[in-house]
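Below you'll find the structure, written out as structure tokens, and then a few comments.
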Amino acid sequence: MLGILYRIYEKKLENEVFKKTIPGHIAVIVDEMSSDDLIKGLNRFVEWSRTAGIKEITFAISCHGMCEIEEILRNAPGKIRLITDGKELVFDNGDSMKINFLLNFGGKREIVEATRELAMKVLRGELDPERIDEEMIEKHLRIPSEPDVILRASLKLLDFLIWQSIYSEHIFFDIDWKNLRYIDFLRILREYQKRERRYGK
């Protein structure tokens, strides 16, 4: 009986959430955990996001074992970018959803890399320094698009997407990542929909 009531509530919540504005880009900060729990949680979250119509997800992960994750991502659906210090891999597996994985890669490092690249273009005579503005800097960031909402399942990587997240909504949830349920995902979207985004105004 409780299972039936749970599914009825879940469906009601789904209908309520899907009628309102869905974020286009969600970013998630995930704490380090076992590879199995991490991959299962990522797969669930991607499928829920796909169902909701979310177009882009960025995961910030503090972990090791990149090679194992790399093998899993090779056949995963989506336009996938795996970014870590000094390395970026791209897999286009025929799906419109963009999925970015930042492994041990913070926002400070991202801005330093963009600044260094622009400086090298100036030194080579390819770029007039007077032309450098916010838009040009954004084009040189690893993740150029701004997330609508950042979900924090961890307090680590606090410099995550420093430039892009200035107007993002931040939602903290105290549920262990590996135990996150679809109904929790829907509640997170509902919480986002309750926020009045001011974009710094």
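Taking the numbering used here, the leading residue of the sequence shown gets 4, the next gets one more, and so forth.
Glycine included, every Cβ here is placed at the ideal spot set by N, Cα and C.
Within 10 Å of its beta-carbon, does residue i have 16 or more other beta-carbons around it, so buried, or fewer, so exposed?
i: His-28; result: buried
i: Gly-81; result: buried
i: Pro-147; result: exposed
i: Arg-155; result: buried
i: Leu-121; result: buried
i: Leu-8; result: exposed
i: Phe-108; result: buried
i: Pro-132; result: exposed
i: Asp-179; result: exposed
i: Leu-76; result: buried
Restricting to Cα atoms, I'd like to know which of the options is closest to residue i.
i: Asp-98; options: Arg-53, Ser-65, Leu-92, Arg-119; result: Arg-53
i: Gly-56; options: Ile-25, Asn-18, Ile-140, Pro-132; result: Ile-25
i: Phe-188; options: Arg-84, Ile-174, Arg-198; result: Ile-174
i: Asp-162; options: Gly-128, Ile-114, Gln-196; result: Ile-114
i: Val-49; options: Lys-101, Val-93, Lys-22; result: Lys-101
i: Asp-34; options: Arg-190, Glu-116, Leu-192, Ala-63; result: Ala-63
i: Glu-3; options: Asp-151, Lys-111, Thr-118, Pro-150; result: The first residue shown for the chain is 4 and the last is 204, placing residue 3 beyond what the model contains.
Which residues share a DSSP beta bridge with residue i?
i: Ile-83; result: Phe-94, Ile-102
i: Leu-154; result: Val-31, Ile-174
i: Glu-59; result: His-28, Lys-101
How close, in whole Å, do the beta carbons of residue i and residue j come, if the pair is a contact with beta carbons under 8 angstroms?
i: Asn-18; j: Thr-61; result: At roughly 27 angstroms, the Cβ-Cβ gap does not stay under 8 angstroms, so Asn-18 and Thr-61 are not in contact.
i: Ile-153; j: Ser-171; result: 5 angstroms
i: Val-31; j: Gln-196; result: About 17 angstroms separates the two Cβ atoms, so there is no contact after all.
Between the segment 159-174 and the segment 39-51, do at least 3 Cβ pairs fall closer than 8 angstroms? The answer is no - the segment 39-51 does not touch the segment 159-174, with fewer than three Cβ pairs under 8 angstroms.
State whether the segment 133-142 contacts the segment 86-100, with contact taken as three or more CB pairs (one from each stretch) at a distance under 8 angstroms. no
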